[in-house]
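Just below is one structure, and these are the notes that go with it.
4 protein chains.
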Amino acid sequence: MATSATLTDSSPRPARRVGGEGSVTRAAILTAAEHVMRDEGYAAASTRRVAARAGLKPSLVHYYFPTTDDLLLALFEKGAAESDAGLEAALAAPDPLRALWAALTDTSRTALALEFMALANHRPGLRARIAEHSERMRARQVTLFDHALGERLAAEGACPAAGLSVVLAGIGRALIMEGALGVTGGHAEARAWVEAWLDKLAPAGAPRRD
Amino acid sequence: MATSATLTDSSPRPARRVGGEGSVTRAAILTAAEHVMRDEGYAAASTRRVAARAGLKPSLVHYYFPTTDDLLLALFEKGAAESDAGLEAALAAPDPLRALWAALTDTSRTALALEFMALANHRPGLRARIAEHSERMRARQVTLFDHALGERLAAEGACPAAGLSVVLAGIGRALIMEGALGVTGGHAEARAWVEAWLDKLAPAGAPRRD
Amino acid sequence: MATSATLTDSSPRPARRVGGEGSVTRAAILTAAEHVMRDEGYAAASTRRVAARAGLKPSLVHYYFPTTDDLLLALFEKGAAESDAGLEAALAAPDPLRALWAALTDTSRTALALEFMALANHRPGLRARIAEHSERMRARQVTLFDHALGERLAAEGACPAAGLSVVLAGIGRALIMEGALGVTGGHAEARAWVEAWLDKLAPAGAPRRD
Amino acid sequence: MATSATLTDSSPRPARRVGGEGSVTRAAILTAAEHVMRDEGYAAASTRRVAARAGLKPSLVHYYFPTTDDLLLALFEKGAAESDAGLEAALAAPDPLRALWAALTDTSRTALALEFMALANHRPGLRARIAEHSERMRARQVTLFDHALGERLAAEGACPAAGLSVVLAGIGRALIMEGALGVTGGHAEARAWVEAWLDKLAPAGAPRRD
DNA sequence: GATGAATGAGAATTCATTCAT
DNA sequence: AATGAATGAATTCTCATTCAT
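Now the structure itself:
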C-alpha cells in the first residue's frame, strides 16, 4: 500500500546498528526493553535491566546497541512503525473517524508514547525524532479528516482538521494518563461528548463518502 | 476566603520531615529540585544534582529529605499548593472560565505536572497522592463550571461540567507537551476553536452571573 | 551483700558520662540499644537506630553517650552487672551447681554476650573490659566449685575447678549458639550427659555441704 | 576417597556468580575478604575495604560478587570446604580422635567460623546455609566417633556420639574465643582434662580398630 | 538538659562503556 | 557474532560527630 509506505519508509535514520537488523536476538532485546520501560519507567531502561529481562548478557545488548541512545531510538522507531500501521489501518477502516478515536484511546501504545515524551526532555537526539514523528502523524490525520469529513469541516463553527487532530489526541491522552493514575472522574462524560460530537460530524450510518 | 482555605488546607500529609518545615535551606532544596526536574526530567532529580544546583552538600539534602520519595512528595505538595492557589485565583477572577483556560495552558506549572505523571508510574507512594490531588482539582473545577455557566451547561449539546474539565485539561496539556517538543501543527487552530467555544458558553462581555 | 559488692564494684571505669547516671532517659537508651543489638546484631547498634528504637532524637543519644564506644561500654557494664547478679544468686541458691548450669544455658543473657565477644574483635577498648569481666566471672565460679564440691574435685579423674568452669561455659554456649542457628543435633544427649555428670559430682539430694 | 567426596561435593549451591568461578581475581577477593573479616570483624567486610586489601577497585568486587551476601556466602563456602577437608583428614589420620580435637581447637579456622555465627543473626540467607553445614559436620563427626570408638561409647557413663560432638566442639570453641580475648584462666586444666578423657576413651597406643 | 543543623566519610549498588579475545 | 573482564562515575542512603543555641 502506497500510503503506508510513504509514512513508514520516510524516517530511516536508523540507530548505528551492529547486529543484523533482522536478528532474533535484536528483536528479543527490543521487546524486553519495551516491557521494562512500560513497567518501570524510562529511567529503568538500562542495559543491565533490559539484558536481564531478555535473559541475555549485558554485553550482548551493547553489541547490538552500542549506546543507550541507540537502543532507545530503535525502540521508538519500532513503536512508531506500529503506531503508523495502526493509523493506516484506521484510514482504511470502514469508519475511519471512530477507528482513529479508538486508536487515540488505546492504552497499550500510549503508555509507551508518554514515556518517550518524558524521555525527550533530556535526550535531545530522541526529541527531534519524536517531534518529527508527531508531526507526520498529525499530517496524516489531517489527510484522514479532510478525506472523511470534507466540507463538513468547512462549515461554520467547525474546527479545522489540524485543530481537530490536536483536540482528539489531547482528550484521548488525558483519558489514558488519568486512567493509569486511577482517576476517572468526568471520563465517561468526556468520552460521551466526544462520541456525540463525532456523530454530528460523521453520522455513524454513512461513514465513508467514497 | 473560605473556599480557598478548603482546598488548600485539606492536603496536609507532609513528607516525613526531619529539617524544620519553615527552614530556608529546605525551601532552597525544593526550589533546586524543581529546576532540575523541569530542566532535565524526573530521573535527574537525584540527591547529588539537586544539592549541586542548590549549592549545598548532598548529605544536607538527605538531612531534610531522608529518602528520595520524601523529596519528591514534598516537591509535589509544593506544586500542588501553588496549583491550588492558581485555581482559586481563577475562581475569583472577573472571567473565571478564561482564567482557568489560561491556567491550564500555563507552561511553567504544567511541565512539572507532566513529570510527576510519568513518575507516578513507578512511585506508588506518589501515585496515590497525585491521583487524589487530580480529583480534588477536578471537583473544584466542576464547582467553577457550575457556578460560572450554570444552566448553559444543561443546554442541549453541551458537555457536563465534569467532562468539560477533562476536555479542557486534555487539550491544554496537549498544547504544552507538544509545544515542549517543538511540535506546533494545529495548535493555533485548536486554541482558536476552544476559545470560540468558550465564547459561546460564556460571552466575554458578561462573564459573571453574580 | 559483701560478695556481690566485691564483684560488682571493682570494675568502675565508667563511660565518660554527661547525662546523669540515674536518668530515666539514659536507661531507656540502654534498653533500646540492648534490643537493637540482640535483634539486629552489634553492627546495627548505631546512634540513629538506637534513638529510633527509643523514640528519641539521635542528638539526645549523643548527649548521654558522646561516642559509640561510650554507649557500647555502658551497655556491656549493664549486662555484666546483671550477669554478676545472676552468678551471685546461683552461689546463694540451695543447689548452686545446677543454678550455675541453668545460668550458663540461659538464652536471654548469653545472646548479648556473644555479640560482645564478636564486637571485642574490633573495639579494643571493649576487649580489655570484656576480658577482665570474663576472668572475674571465672574466678568467682572457681570459688563456687571449691565451695560446693570441695574434696570431690580433688578426687582422681576429676577436673580442677577452673577447668570445670571453662568446660561448662563452653558447652552451655555451644547449646545456645547452635540453638539460635536452629541446629539441635546432639543437644539433648550433651545436656543429659552434663547433668548426669553434675549428679555424680554433687548428688541432687545433698547439694550443700554447709 | 569416597567418603571425602560425599561430604565435600554435597554442598554446591554456589553464590550467584558473575565472574568466572576459577578466576584468580575472584580468589584474591575471597582471600582479602577472609583477612578483613578475621582481623576487623564481619562488619568490616565491606566492598571498599575488601577491595583495598586486595589492591583492586571496589567496582571489581561487585563485578564478581554482585551483592555483599554473595560475597559472604562464597566466603563461607570456601571456609566450609576447607573445614570439610580438615575433618576428612582427621577421619583418615592414624589417631582420628586426637586429630579431630586438634581441628576443633585450630584457631585459624574457628575464628572465622565465629564471625559467621554472629553474622547468621541478621543474614537469614547465610543462616540456613551455616546451619546446614553445622549439621553435616556433626553427622560426619558422629560417624567418626562410632567408627573410632564403637562399643566403648555404649559403655555405662559414656556420652553418645552426637552429644560428644557438641561437647568437644563447645569446649574447643570456648578455648579459642577466650584465647582471642586474652582470657586463659582454666584453659590448661580444661585442655588436660579433655585429653585425659580422650585417653580413657581411646588409649593412644591403639587408636584404630581397623 | 536537650535539640536542630550541618558535614565528611563510607556503604551498597547500578550503570554505561571500553577492550581484548 | 558474542562474551568476560574491568572501570569510573553516579545514586541512594547511613553514620558518627561537631557545633551553636
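Chains as they are written, first to last, in the numbering used here: chain A, 3 to 212; chain B, 3 to 212; chain C, 3 to 212; chain D, 3 to 212. Note that CB positions come from ideal geometry on N, CA and C, so glycine has one too.
Listed by chain order, chain D residues near residue i by CB distance under 8 Å
i: C/H149; result: Correct list: empty, because the minimum Cβ distance to chain D is about 16 Å.
i: C/L116; result: M119 and A120
Supposed close pair residue i, residue j - CB separation, criterion 8 Å
i: A/E191; j: B/S136; result: Wrong, their Cβ atoms sit about 16 Å apart, outside the cutoff.
i: C/S167; j: D/G188; result: 5 Å
i: D/I178; j: D/A113; result: 7 Å
i: B/L146; j: B/L93; result: 5 Å
i: A/A29; j: A/V52; result: With a Cβ gap of about 13 Å, A/A29 and A/V52 do not count as contacting.
i: A/A45; j: A/V38; result: A/A45 to A/V38, Cβ: 10 Å. No contact.
i: D/G174; j: C/A133; result: That belief does not hold up - the Cβ atoms of D/G174 and C/A133 are roughly 19 Å apart, past 8 Å.
i: C/L151; j: C/A198; result: Actually they do not touch by this definition, with Cβ atoms about 16 Å apart.
i: A/A176; j: B/A115; result: At roughly 12 Å, the Cβ-Cβ gap does not stay under 8 Å, so A/A176 and B/A115 are not in contact.
i: D/I31; j: D/A54; result: Actually they do not touch by this definition, with Cβ atoms about 11 Å apart.
Any chain A beta carbon closer than 8 Å to residue i
i: B/L128; result: no
i: B/L200; result: no
i: B/S167; result: yes
i: B/E23; result: no
Chain B contact for residue i (CB, 8 Å cutoff)
i: A/L293; result: Outside the displayed range of chain A (3 to 212) lies residue 293 of chain A, so it cannot be described from this structure.
i: A/S110; result: no
i: A/E191; result: yes
i: A/G188; result: yes
i: A/I31; result: no
i: A/P205; result: no
i: A/W1; result: Since the first residue of chain A shown is 3 and the last is 212, residue 1 of chain A is not available in this structure.
i: A/E36; result: no
i: A/R18; result: Summary for A/R18: the model assigns pLDDT 46, below 50, so the residue's position carries little reliability; its value from the coordinates is reported in the next sentence. No, A/R18 does not count as interfacial toward chain B.
6 Å CB neighbourhood of residue i in its chain, flanking five on each side removed
i: C/A95; result: A101
i: A/G88; result: A105
i: C/R50; result: P60
i: C/F67; result: L73
Chain B contact residues for residue i, given Cβ-Cβ distances below 8 Å
i: A/S61; result: Ordered by position in chain B, no residue passes the 8 Å Cβ test against A/S61, which lies about 24 Å from the chain.
i: A/R140; result: V185, G187 and G188
Chain-ordered neighbours of residue i on chain D, where CB pairs are closer than 9 Å
i: C/G81; result: Correct list: empty, because the minimum Cβ distance to chain D is about 15 Å.
i: C/A47; result: In chain order: nothing, as chain D lies at least about 10 Å away.
Cross-chain neighbours of residue i in chain A, by beta carbon under 8 Å
i: B/L183; result: M119, A122, R129, I132, A133 and S136
i: B/E42; result: N123 and H124
Same chain, Cβ closer than 8 Å to residue i, five either side skipped, listed in chain order
i: B/L128; result: D71, L74, L75, F78, F118, L121 and A122
i: C/C161; result: L155 and V169
i: B/A164; result: R140 and V144
i: D/R111; result: G81, E84, S85, G88 and A105
i: C/T27; result: G21, L58, L62 and Y66
Where residue i meets chain D, residues with beta-carbon distance less than 7 Å
i: C/P68; result: Residues of chain D passing the Cβ test: none, with the nearest at roughly 21 Å.
Residue-level contact to chain C via CB, residue i, 8 Å cutoff
i: D/S85; result: no
i: D/P162; result: yes
i: D/E301; result: Nothing can be reported for residue 301 of chain D: it is not among the residues displayed for chain D, which extend from 3 to 212.
Same chain only: Cβ atoms within 7 Å of residue i, ignoring 5 sequence neighbours per side
i: A/R125; result: D71 and L74
i: A/G43; result: E117
i: C/D201; result: none
Where residue i meets chain C, residues with beta-carbon distance less than 7 Å
i: D/G172; result: G172, I173, R175 and A176
Residues that residue i contacts on chain C, provided the C-beta gap is smaller than 8 Å
i: D/E153; result: Residues of chain C passing the Cβ test: none, with the nearest at roughly 17 Å.
Every unbroken alpha helix (DSSP H) inside the stretch 53 to 119 of chain B [4 residues or more]: Whole alpha helix (DSSP H) segments, 4+ residues: 60 to 66, 70 to 94 and 98 to 106.
Runs of alpha helix (DSSP H) wholly within the stretch 121 to 187 of chain A (minimum 4 residues, chain order): As for any alpha helix (DSSP H) of minimum length 4 sitting wholly inside the stretch 121 to 187 of chain A, the runs are 126 to 151, 153 to 156 and 163 to 183, ordered along the chain.
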